[in-house]
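Those sequence lines, one after another, are chains W and U. With the numbering used here applied, the first sequence corresponds to residues 1 to 302, in that order. With the numbering used here applied, the second sequence corresponds to residues 1 to 302, in that order.
2 protein chains.
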Amino acid sequence: MNDALTELAMGGRRPLARLLTRIENGDPSVRPLLPELFTAGHGAHVVGITGPPGSGKSTLVNSLITEWRRRGKRVGILAVDPSSPYTRGAILGDRIRMMEHAADRDVFMRSMASRGELGGIAATTWIAAAALDAAGYDPVLIETVGAGQSEVEVARVAETTVVVEAPEMGDEVQAIKAGLLEVADIIAVNKGDRPGADRAARQLRAMLSTAGGRVERKPPPVMVTTAVTADGVAALADAIEAHRSVAREPLEAKERAANQVRRALAELAGRRAADDPSWDETLRAVADRELDPLTAAECLLG
Amino acid sequence: MNDALTELAMGGRRPLARLLTRIENGDPSVRPLLPELFTAGHGAHVVGITGPPGSGKSTLVNSLITEWRRRGKRVGILAVDPSSPYTRGAILGDRIRMMEHAADRDVFMRSMASRGELGGIAATTWIAAAALDAAGYDPVLIETVGAGQSEVEVARVAETTVVVEAPEMGDEVQAIKAGLLEVADIIAVNKGDRPGADRAARQLRAMLSTAGGRVERKPPPVMVTTAVTADGVAALADAIEAHRSVAREPLEAKERAANQVRRALAELAGRRAADDPSWDETLRAVADRELDPLTAAECLLG
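Following this line, the structure appears as structure tokens:
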């Protein structure tokens with residue numbers, strides 16, 4: 001086994017931190033490690049948690065970590081920052097709350113910035129999750145901030161995705177967040193001590209039971225949590241645990257694999273095309289409307 | 001020239017409607033038309049307009065159409081629905097306002113549903129935009145609803161992207177929308193008659209001038225519009241027109257072409273891999289963690 005992976009398996013925090021830095025930077029030396037890294041894991045449950053700013057998601061993550069620690073689990077957390085330069089500040093601010101678990105050797109927290117490349121953030125995330133798994137962390141929690149493209153991509157890496165909502169958000173915000181509901185395996189209506197939390201949960205349940213999407217699946221459970229007092233957090237941890245076996249049913253696992261492979265194919269095909277000597281000339285022809293993009297892609301792919 | 005394209009060039013509405021249906025359905029008979037369809041256009045300005053529900057975007061689109069008609073332009077509009085089953089109703093409701101221009105032969109409006117496939121909506125949109133261009137419409141306006149993945153993808157198809165905001169939206173919504181600002185070439189703070197519109201515009205300008213993103217470009221202009229009275233709409237039409245030449249600078253055009261070709265490559269590589277006899281076996285191996293997704297993609301791409 002490769003030295004880096006041996007060190008990882010021995011549970012050292014510093015080898016893990018170094019490997020994650022190489023993964024984040026897209027260091028080419030990571031590529032030859034992948035086959036072993038991917039198979040070295042212990043099968044950690046990869047849990048995604050996402051939701052808009054203001055939903056109290058970071059506080060909920062903090063409470064979940066406390067609950068998992070109580071259950072004797074070693075918890076790995078990847079906090080994935082979207083690529084937007086406009087939100088970075090807010091996200092880094094959120095991180096400060098994580099300090100509660102900073103001295104705990106069995107909690108490993110890491111922020112990762114997105115490179116904004118299509119497929120890039122998702123690929124980086126699954127490689128990093130595999131590294132945390134190989135280092136013995138289970139569950140591996142992937143936290144994202146915002147409600148955009150990268151959240152949906154990252155959610156597809158996770159086996160179980162929790163979407164956090166807050167009761168007091170208006171209709172407009174609800175509509176914006178609708179895209180997130182589609183990727184939810186579990187919904188947590190947080191700030192459950194606020195007026196309207198139970199009503200918001202009921203509305204969500206009604207909306208999900210009548211919506212036409214994902215007909216082959218049951219609507220996701222809607223839980224009410226109050227992160228600051230930890231009310232409902234043990235039940236949320238139970239629901240996440242219960243979803244683990246659902247996520248590992250062959251059809252679900254295959255769908256996730258197909259998604260990962262398609263992204264890898266897209267990245268690989270894009271990289272090979274960009275290395276092709278005719279790449280610049282092809283782009284010029286498309287830009288000048290002499291050639292349509294599909295025919296261009298067929299020529300480049302051969 | 002193909003019959004369908006000849007009919008299109010003659011300006012018939014029905015041939016155009018039929019072709020758009022075939023494009024929307026992903027009819028395989030469209031594929032052989034693409035090289036000619038792509039080059040048959042007159043170089044229409046493709047303008048994207050997006051923004052969250054509640055920003056008054058549809059009313060603004062209506063006012064923009066009126067302004068363009070006053071300037072003698074034939075306007076094509078593609079209203080692209082995101083794939084979410086949770087928002088469809090709201091979007092179709094918006095469409096009713098378009099009826100004002102329904103009797104105008106020089107306005108062609110078409111709703112298109114997204115198939116939700118990665119790359120699918122963007123590909124369908126550029127093919128449909130090429131059809132409207134070939135039929136003599138200029139500008140071609142692509143309108144999207146929401147603030148998710150498909151909006152960003154569709155924005156990348158457009159040469160000029162207008163992001164519509166409303167002044168009264170809170171900080172939380174602002175943060176959610178931050179992803180949209182990244183794709184904005186022009187920002188319209190709509191509902192300009194409401195208190196706080198000018199302040200919101202100033203805040204946006206300050207935010208955009210200090211943000212680190214897209215350093216090579218000037219910050220996008222922030223305009224204040226009141227769609228219902230048409231205040232500021234002529235100025236917005238001017239700003240869109242002024243951006244046309246910026247969008248067609250060789251570097252910008254090449255970047256857009258690269259994006260289109262990369263998406264086409266991703267789709268093509270994914271389709272070929274799925275046709276490969278080893279596809280199912282490869283997915284099973286990835287799902288069972290015997291094989292990492294990158295190595296799987298390399299094997300499939302050959």
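Idealized CB from N, CA, C, for every residue including glycine. Computed from a predicted structure; not experimentally measured.
Next on the checklist: On the CB-based measure, 16 or more other CB atoms within 10 Å of its CB, does U/GLY48 come out buried or exposed?
Outcome noted: Translated into positions along the second sequence, residue 48 of chain U becomes position 48. Buried, because 16 or more other Cβ atoms sit within 10 Å of the Cβ of U/GLY48.
Within 8 Å (strictly less), CB to CB, does W/LEU20 reach chain U?
The residue labelled residue 20 of chain W in the question sits at position 20 within the first sequence. With 8 Å as the cut-off, W/LEU20 does not count as an interface residue toward chain U.
Q | 8 Å Cβ cutoff met for U/GLY41 and U/ALA123 | A | For the purposes of this step, residue 41 of chain U is identified with residue 41 of the second sequence, where counting begins at 1. For the purposes of this step, residue 123 of chain U is identified with residue 123 of the second sequence, where counting begins at 1. With contacts defined as CB atoms closer than 8 Å, U/GLY41 and U/ALA123 fail to qualify as a contacting pair.
Do W/SER63 and W/ALA227 have their CB atoms nearer than 8 Å? Locating residue 63 of chain W in the first sequence gives position 63, where the first residue counts as 1. Locating residue 227 of chain W in the first sequence gives position 227, where the first residue counts as 1. Yes, they are a contact pair.
Nearest neighbour of W/MET11, chosen from W/LEU132, W/ALA237, W/GLU153, W/GLU267 [CA to CA]:
Walking along the first sequence from the start, residue 11 of chain W turns up at place 11. For the record, residue 11 of chain W in the displayed sequence is Gly; it is not Met. Closest option to W/GLY11, Cα to Cα, is W/LEU132.
Could you tell me which residues DSSP pairs with W/ILE49 in its beta bridges? Numbered from its first residue, the first sequence carries residue 49 of chain W at position 49. Paired residue(s): W/GLU143, W/VAL162.
If you draw a straight line from the alpha carbon of U/SER58 to that of W/GLY51, how long is it in whole angstroms? By 1-based counting over the second sequence, the position of residue 58 of chain U is 58. By 1-based counting over the first sequence, the position of residue 51 of chain W is 51. Approximately 27 Å, taken between the alpha carbons.
message = Using a Cβ-Cβ distance cut-off of 8 Å, determine whether U/ALA134 contacts chain W.
response = In the second sequence, counting from the first residue as 1, residue 134 of chain U sits at position 134. By this cut-off, U/ALA134 is not an interface position.
Exercise. Taking 8 Å as the CB-CB cut-off, is U/VAL246 touching chain W?
Worked result: Taking the first residue of the second sequence as position 1, residue 246 of chain U is located at position 246. So, not an interface residue.
Residues of chain W with CB closer than 8 Å to the CB of U/LEU265, please, in chain order. Residue 265 of chain U sits at position 265 when you count from the first residue of the second sequence. Correct list: ALA266, ALA269, GLY270, ALA273, ALA297, LEU300, LEU301.
- [ ] Could you tell me whether any Cβ in chain W is nearer than 8 Å to the Cβ of U/PHE38?
- [x] Counting from 1 along the second sequence, the entry for residue 38 of chain U is found at position 38. So yes, U/PHE38 belongs to the interface.
Item checked: Cross-chain neighbours of U/ASP292 in chain C, by beta carbon under 7 Å -> Going by chain labels, chain C is absent from the structure shown, which instead holds the protein chains W and U.
With H, G and I counted as helix, E and B as strand and the rest as coil, what does DSSP make of W/SER29?
Numbered from 1 along the first sequence, position 29 holds the residue referred to as residue 29 of chain W. Looking at W/SER29 - three-state DSSP - the assignment turns out to be helix.
Looking at the unbroken beta strand (DSSP E) that takes in W/ALA113, where does it start and where does it end?
Counting from 1 along the first sequence, the entry for residue 113 of chain W is found at position 113. Residues 107-113.
- Which same chain residues, not among the five before or five after W/ALA304, have their C-beta less than 6 Å away from its C-beta? Nothing can be reported for residue 304 of chain W, as the shown portion of chain W is limited to 1 through 302.
Exercise for the section: Taking only the alpha-carbon atoms, compute the straight-line gap between W/ALA296 and U/VAL261 and give it to the nearest angstrom. Expected result: Within the first sequence, numbered from 1, the residue matching residue 296 of chain W stands at position 296. Within the second sequence, numbered from 1, the residue matching residue 261 of chain U stands at position 261. C-alpha separation (whole angstroms): 7 Å.
Exercise for review: Mind reading off the beta-carbon distance from W/PRO219 to W/ASP185? Whole number of angstroms is fine, and I expect it under 8 Å.
Suggested key: Within the first sequence, the letter at position 219 stands for residue 219 of chain W. Within the first sequence, the letter at position 185 stands for residue 185 of chain W. 10 Å between Cβ atoms; not a contact.
On the CB-based measure, 16 or more other CB atoms within 10 Å of its CB, does U/GLU67 come out buried or exposed? For the purposes of this step, residue 67 of chain U is taken as the residue at position 67 of the second sequence. The C-beta of U/GLU67 has 16 or more other C-beta atoms within 10 Å across all chains shown, which makes the residue buried.
Terminal residues of the continuous beta strand (DSSP E) containing U/VAL189?
-> As a first step, residue 189 of chain U must be located in the second sequence, where it is residue number 189. Counting along the chain, the beta strand (DSSP E) containing U/VAL189 begins and ends at 186-189.
inquiry  = Would you call the segment 279-290 of chain U in contact with the segment 14-29 of chain W, where contact means no fewer than 3 C-beta pairs closer than 8 Å?
reply    = The segment 14-29 of chain W and the segment 279-290 of chain U do not touch, with fewer than three beta-carbon pairs separated by less than 8 Å.
Margin query: Helix, strand or coil, according to DSSP, for W/ASP292 in the structure here?
Written below: Taking the first residue of the first sequence as position 1, residue 292 of chain W is located at position 292. W/ASP292: coil per DSSP, three-state reduction.
Going along chain W in order, which residues have a C-beta closer than 8 Å to the C-beta of U/ALA287? The sequence position of residue 287 of chain U within the second sequence is 287, counting from 1. At a C-beta separation below 8 Å, U/ALA287 has these neighbours in chain W: PRO250, ALA253, LYS254, ARG256, ALA257.
Problem set entry | Environment of W/ALA200 [buried if 16+ CB atoms lie within 10 Å] | As a position in the first sequence, residue 200 of chain W is number 200, starting the count at 1. Burial call: buried.
- Message: Can you pull the chain W neighbours of U/GLY41, defined as C-beta to C-beta under 8 Å?
- Response: In the second sequence, counting from the first residue as 1, residue 41 of chain U sits at position 41. What U/GLY41 touches in chain W: ARG289.
Fill in: Through-space distance from U/ALA274 to U/MET207, alpha-carbon basis
Mapped onto the second sequence, residue 207 of chain U falls at position 207. Mapped onto the second sequence, residue 274 of chain U falls at position 274. Cα-Cα distance, rounded: 45 Å.
Requested in this report: Out of U/GLU290, U/LEU301, U/VAL46, U/VAL286, point me to the one whose CA is closest to W/ARG271's CA.
Outcome: Indexing the first sequence from 1 puts residue 271 of chain W at position 271. For W/ARG271, the closest C-alpha among the options U/GLU290, U/LEU301, U/VAL46, U/VAL286 is that of U/LEU301.
What is the residue span of the alpha helix (DSSP H) that W/VAL261 lies within? Walking along the first sequence from the start, residue 261 of chain W turns up at place 261. For W/VAL261, the enclosing alpha helix (DSSP H) has its first and last residue at 250-275.
| task | Please report how far the alpha carbon of U/VAL107 lies from the alpha carbon of U/VAL30, in whole angstroms. | result | The residue given as residue 107 of chain U occupies position 107 in the second sequence. The residue given as residue 30 of chain U occupies position 30 in the second sequence. For U/VAL107 and U/VAL30, the distance between alpha carbons rounds to 24 Å.
Along the alpha helix (DSSP H) that carries W/VAL222, what are the first and last residues, could you check?
Start at 1 with the first residue of the first sequence, and residue 222 of chain W comes out as number 222. W/VAL222 -> not in any alpha helix (DSSP H); beta strand (DSSP E) instead, spanning 222-224.
#### Entry: Bridge partner(s) assigned by DSSP for W/ILE77
Numbered from its first residue, the first sequence carries residue 77 of chain W at position 77. Bridge partners of W/ILE77 according to DSSP: W/MET109, W/LEU141.
If I measure Cβ to Cβ from U/ALA303 and keep anything under 7 Å in the same chain, skipping five residues before and after, which residues do I get? There is simply no residue 303 of chain U to check, as chain U begins at 1 and stops at 302 in what is shown.
- For U/THR6 and W/VAL183, the rounded distance between their alpha carbons: One-based indexing of the first sequence puts residue 183 of chain W at position 183. One-based indexing of the second sequence puts residue 6 of chain U at position 6. The straight-line gap from Cα to Cα measures roughly 44 Å.
What span of residues does the alpha helix (DSSP H) with W/ALA17 cover, start to end? Reading the first sequence from its first residue, position 17 is the one you call residue 17 of chain W. Here the alpha helix (DSSP H) through W/ALA17 covers 13-24.
**Asked** Looking at the structure shown, is U/ASP193 part of a helix, part of a strand, or coil, going by DSSP?
**Response** Within the second sequence, the letter at position 193 stands for residue 193 of chain U. In the structure shown, U/ASP193 sits in coil (DSSP, three-state: anything other than H, G, I, E or B).
So what does DSSP say about W/ASP104, is it helix, strand or coil? Along the first sequence, one-based indexing puts residue 104 of chain W at 104. Reduced to three states, the DSSP call for W/ASP104 is coil.
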